[in-house]
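In our numbering, the protein residues as written are 2 to 117.
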């Protein structure tokens, strides 16, 4: 309790926890019992209605949110970019080797390749 304010956070609430809750202030006096008879009026009454939780979705089944589709699209785009980059590197290397081979053949030095 801080400055006369009290907070209560309920976690893992179940449907059976729904109902009416009352907040009362009890001031313990010296020599008081461990259990008090609450005869005072409540300072606050809360009616708690707990809605059932949604059923969990089966593994691998999206719920139609954009996030699922966005993650899959990003993975596909990444794969396409990596494969495209690898294809470009292979084509560039093939062109370099072809040009080197042709320049060696035109000089009359067959069988000798020089790397750049």
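The C-beta atom is built at its ideal place from N, Cα and C for all residues, glycine as well.
This structure is a prediction, so every number in the text was calculated from the model and none was measured.
| query | result |
| --- | --- |
| Proximity below 8 Å, CB of residue 25 to CB of residue 43 | yes |
| Rounded straight-line distance, which links the Cα of residue 13 to that of residue 40 | 30 Å |
| Closest residue to residue 47 among 92, 73 and 10 (Cα-Cα distance) | 10 |
| Pick from 50, 4, 31 and 100 that is closest to residue 15, judged by C-alpha positions | 50 |
| Same chain, Cβ closer than 8 Å to residue 18, five either side skipped, listed in chain order | 11, 49 and 51 |
| Which of helix, strand or coil DSSP assigns to residue 42 | coil |
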